[in-house]
Structure formats: C-alpha cells, structure tokens
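2 protein chains.
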Amino acid sequence: MFSTSCHYALQAMIYIALRSGKDKNVDLASIAEELDIPKHFLSKILQLLVKNKLLLSMKGPTGGFKLSMPASRINLIKVVEVIDGLDVFNRCGIGFKQCDDSSPCPIHFEFSQVRQQVEEIFETKTLEQLTTDIEDGNSLVSLGLSTKIKK
Amino acid sequence: MFSTSCHYALQAMIYIALRSGKDKNVDLASIAEELDIPKHFLSKILQLLVKNKLLLSMKGPTGGFKLSMPASRINLIKVVEVIDGLDVFNRCGIGFKQCDDSSPCPIHFEFSQVRQQVEEIFETKTLEQLTTDIEDGNSLVSLGLSTKIKK
DNA sequence: TAATGGCATGAAGTAGAAAACATGTCTTTT
DNA sequence: AAAAGACATGTTTTCTACTTCATGCCATTA
Ligand code: FES
Ligand code: FES
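As structure tokens, this is what we get:
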C-alpha cells in the first residue's frame with residue numbers, strides 16, 4: 000500500500016515520539032539500528048520530514064531529532080502526505096488511471112469505501128495515542144524491541 | 000496495493016470474460032490496445048495465467064485467449080494469487096516484517112480489519128458479476144471504451 | 001579554539017520491476 | 001505443402017525505487 004520510504008518514515012516518527020522529549024533528541028544511528036533501517040537512507044527521509052516541519056533537527060553533540068509539535072497534533076496521515084503524497088488514498092484497486100464515481104471500475108464502489116476507512120484510520124491516529132498504546136504494552140514499536148519503556 | 004502486473008492481469012481477465020465466448024477467442028493485440036497495456040508485457044502476464052489454468056490459449060489464425068472455466072467460477076482473488084501472491088493481504092500497514100495478533104504494530108487491529116474487507120471484496124466478486132455490471136452500464140472496463148457491448 | 005559528534009547534501013551504485021526485442025512454434029487457411 | 005496469423009520463450013534494455021559512499025557543514029564541549 001505504501002512505499003518502503005513511507006513505512007520507514009512512519010516507524011521512525013513513532014519511535015521519535017516515544018524516545019525524544021522537550022530537551023532530549025534522538026540520534027539517527029539509534030533509530031536506524033533499533034528499527035533495522037539503512038542509516039543513510041533513513042537520513043534522507045528524516046531530512047524530508049524536517050523540511051516539511053514535522054521534525055526538528057539539531058547538529059553537534061547532543062544533537063538529533065525531535066518532534067516539531069506535540070505528539071497529539073501529529074497524525075499519521077501527515078507523514079504519509081509528506082512521503083508518498085495523499086493520492087495513495089485515491090488510487091483505483093485494479094489500476095485504472097482515474098478513480099472517481101463518474102468513471103467507476105467494476106469494483107470502485109466497494110473498494111473506495113474501504114480505502115476511505117484506511118484514510119480515516121490514518122487521519123484519526125495521532126502519535127500520542129500510539130505511544131500511549133505502546134507504553135501500555137498493547138502494541139510494539141519494532142519487533143526486537145522491549146515494550147517496557149521508562150517514561 | 001497491487002503491482003502493475005497484477006493490475007494488468009485483473010483488467011485483462013475482465014476484458015476477456017466480456018469479449019470471449021465458448022467458440023470465440025480474444026487476441027493479445029486487441030486486449031493490449033483497448034486497455035492500453037504494452038503488448039509484450041501483457042503477453043508474459045497472460046502466459047502466467049495460462050500456466051495457472053485460469054486461461055486457455057489457442058495458436059494460429061482465429062487463435063487467442065479465453066477463460067478456462069465459467070466466469071462465475073473465477074473470482075478476482077484467484078488472479079491476484081497467481082500474479083502477486085496472497086500475502087499482499089497479510090502485510091503490515093506501516094511495514095513491520097511480521098503481522099499477526101501476537102506482535103501487533105500500533106495500528107494493527109484497525110488496519111488488519113479493513114484489509115480483510117478488501118480481501119472479501121476480491122473473494123466475493125466473480126468475473127460473471129463484473130461483466131454483468133459492465134453490460135448493464137454500471138461500470139466500465141476501460142476508460143476509452145464504450146459500455147455498450149452487444150452480447 | 002581545536003576536536004568531536006552529529007546532521008546536510010550530492011553523487012554513485014544495485015536490484016528488481018517494467019518494457020522492448022528477436023526468434024521459435026503451432027494451427028488454420030488456401 | 002506453403003503462407004500467414006497467432007501464442008511461447010528467452011534475452012536485452014530501461015526505468016525507478018532503494019541503498020551506499022563521500023564529503024561538507026554546524027554546534028557542543030573540553
Ligand atoms: S475506479 Fe477502480 S477503485 Fe475507483
Ligand atoms: S502488524 Fe502492522 S498491521 Fe499487523
């Protein structure tokens with residue numbers, strides 16, 4: 000459904016939300032290692048997120064990344080928008096060039112409906128909700144990673 | 000969501016269901032032209048479908064492709080299975096390597112639910128239903144193509 | 001102010017999907 | 001039996017997403 004870059008971006012944002020704080024940055028190497036993402040590739044993706052004002056970056060020792068605004072104000076769709084663009088939520092299920100009610104493919108009406116549900120999930124879920132879920136042990140950030148995270 | 004090959008395969012199957020008959024084959028060139036798919040590329044995809052018993056092919060003049068069984072017995076998921084494989088319906092929405100209830104990513108429970116709805120659409124919809132929809136003018140086979148098709 | 005640890009940037013390399021090409025083989029028609 | 005029209009097969013090329021490499025730049029710290 001999304002590109003690898005987008006997957007990486009989403010995972011990284013969640014991870015940063017979890018591990019950074021007002022005065023605490025998370026550095027690239029840690030994110031890359033913990034999420035098992037190629038470091039230099041992730042670097043480019045995070046730079047995009049910085050450029051689009053979802054992240055702040057600091058150079059130098061103690062530098063790294065942190066959220067540019069409260070986790071409660073960042074939903075997943077903002078991340079998708081920056082990396083893959085929003086038209087992923089408007090693509091035909093069987094590859095028609097156009098997808099709208101006026102030129103429907105044979106599965107258009109059913110498909111566009113569930114596609115909208117996905118969009119709503121990404122619209123509704125904020126980084127804050129996700130980190131809460133993770134801290135409560137209801138979900139994971141990455142496979143190898145312990146769910147027990149000290150606040 | 001699916002690969003281009005898979006899109007092409009789905010479109011072609013629908014088109015063949017619509018235009019072929021017990022004694023009527025549809026030839027590659029027509030399909031490729033009408034659906035605007037690169038001819039040689041489509042050829043390979045149809046060969047895969049032949050190999051997997053969803054299509055029959057005939058050589059020589061009057062040759063071409065037709066369904067290997069009644070349109071009512073072919074659902075879309077069979078086509079997806081041959082081209083992309085069934086695990087597209089089991090992939091994590093944010094790119095986790097594994098997706099199951101025991102190691103859920105932060106959106107797993109919501110996401111896997113709508114993903115299953117998509118699977119059900121592809122499971123339920125048969126080529127017969129789709130061609131009926133098209134013949135009734137409720138949907139289209141391809142953008143440039145008239146919906147009025149003589150039975 | 002020099003050293004160090006971090007991000008920023010651009011170029012280069014890889015792999016796999018997508019597309020194009022060339023040739024072979026079969027079947028109908030004449 | 002020959003010609004022509006179609007699918008079958010294998011190779012090559014192109015494109016793009018993904019990954020890596022090399023270097024520059026900036027801020028903290030000693
Ligand atoms: S046209 Fe196919 S899903 Fe809308
Ligand atoms: S683990 Fe992410 S959707 Fe199931």
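From first to last, the protein sequence lines are chains A and B. 56 is the number that numbering that gives the first Met the number 0 gives to position 57 of the first sequence; each next residue is one higher, with no gaps. 59 is the number that numbering that gives the first Met the number 0 gives to position 60 of the second sequence; each next residue is one higher, with no gaps. Just so you know, even glycine gets a beta-carbon here, dropped at the ideal spot from N, CA and C. A quick note: this is a predicted structure, and the numbers were derived from the prediction, not measured.
Going along chain A, which residues have a C-beta under 8 angstroms from residue i?
i	result
residue 113/B	113, 116, 117 and 120
Is there a C-beta anywhere in chain A that falls below 9 angstroms from the one on residue i?
i	result
residue 18/B	no
residue 5/B	yes
residue 1/B	yes
residue 141/B	yes
residue 75/B	yes
residue 138/B	yes
residue 90/B	yes
Could you tell me which chain B residues have their CB closer than 9 angstroms to the CB of residue i, listed as they occur along the chain?
i	result
residue 10/A	93, 94, 95 and 104
Apply the 10 Å Cβ neighbour rule to residue i and answer buried if 16 or more other Cβ atoms are within range, or exposed otherwise.
i	result
residue 41/B	buried
residue 86/A	exposed
residue 46/B	exposed
residue 94/B	buried
residue 37/B	exposed
residue 43/A	exposed
residue 138/A	buried
residue 61/A	exposed
residue 108/B	exposed
residue 114/B	buried
residue 28/A	exposed
residue 156/A	With chain A covering only 0 through 150, there is no way to say anything about residue 156/A.
Say whether chain B places a C-beta atom closer than 9 angstroms to the C-beta of residue i.
i	result
residue 135/A	no
residue 132/A	yes
So which residues of chain A does residue i contact, with C-beta pairs closer than 7 angstroms?
i	result
residue 109/B	120
residue 124/B	106
Please list, in chain order, all residues of the same chain as residue i whose beta carbon is under 7 angstroms from its beta carbon, the five residues on each side excluded.
i	result
residue 18/A	25
residue 140/A	13, 14, 17 and 133
residue 5/A	79, 82 and 83
residue 75/A	9, 121 and 124
residue 51/B	81
residue 100/B	none
For residue i, return the contacting residues in chain B, with the cut-off set at a CB-CB distance below 7 angstroms.
i	result
residue 13/A	105
Whose C-beta lies closer than 6 angstroms to the C-beta of residue i among residues of the same chain, with five residues either side of it excluded?
i	result
residue 10/B	34
residue 151/B	What is shown of chain B runs 0 to 150, which leaves residue 151/B out entirely.
residue 58/A	none
residue 123/B	none
residue 1/A	83
residue 118/A	88
residue 49/B	56
residue 31/A	38 and 41
residue 8/A	44, 78 and 82
residue 71/B	125 and 127
residue 106/A	92
Determine the chain B residues that contact residue i at a beta-carbon separation under 8 angstroms, and present them in chain order.
i	result
residue 129/A	105 and 106
Given residue i, which residues of its chain have a CB within under 8 angstroms of its CB, disregarding the five upstream and five downstream residues?
i	result
residue 77/A	53
residue 20/B	65
residue 102/A	95
residue 22/A	none
residue 116/A	none
Counting pairs of beta carbons, one from the stretch 118-130 of chain A and one from the stretch 4-17 of chain B, are three or more of them closer than 8 angstroms? no
At least three beta-carbon pairs within less than 8 angstroms, the stretch 88-102 of chain A to the stretch 59-70 of chain A: no
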